[in-house]
Amino acid sequence: MELGLRHVVAGLAVVIAAVGYFAWQQQDRERVEQQALRQPVAEPVRDAEQVVIYKWQDDSGTWNFTEQAPADGRPFTEIRGTPNVTSVPSVVPESGPAIDPGQTDETPEP
55 MELGLRHVVA GLAVVIAAVG YFAWQQQDRE RVEQQALRQP VAEPVRDAEQ
105 VVIYKWQDDS GTWNFTEQAP ADGRPFTEIR GTPNVTSVPS VVPESGPAID
155 PGQTDETPEP
């Protein structure tokens, strides 16, 4: 089985394309590393021992957990050293159609 000139040229084209692809990928990788080095470093995470959470109850009886003590002088409890606290902003739903408490999603059986 003889290799024709077409086969040799096609093989060389594949090799050149592969080398070009890997060289391009290496440049991309180096560029990403350089950009990462130029970005500012994030502030260190606060140590759990330094975190103080204030627990207090508002006028409607809802318990609140905040990083500042209530400004109006109401009683509160300090909670220190809690590493597993996740802060989530409260969401007030827009007024919409009320759901009938007697209504269910189940369809009655025939």
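So the sequence shown is residues 55 to 164, counted in the working numbering. Glycine included, every Cβ here is placed at the ideal spot set by N, Cα and C.
For residue 115, the nearest candidate out of 105, 129, 63, 90 (CA to CA):
129
DSSP three-state assignment for residue 128, whether helix, strand or coil:
coil
Residue from 104, 125, 92 with nearest C-alpha to residue 112
125
Cα-Cα separation between residue 69 and residue 144, rounded to whole angstroms:
59 Å
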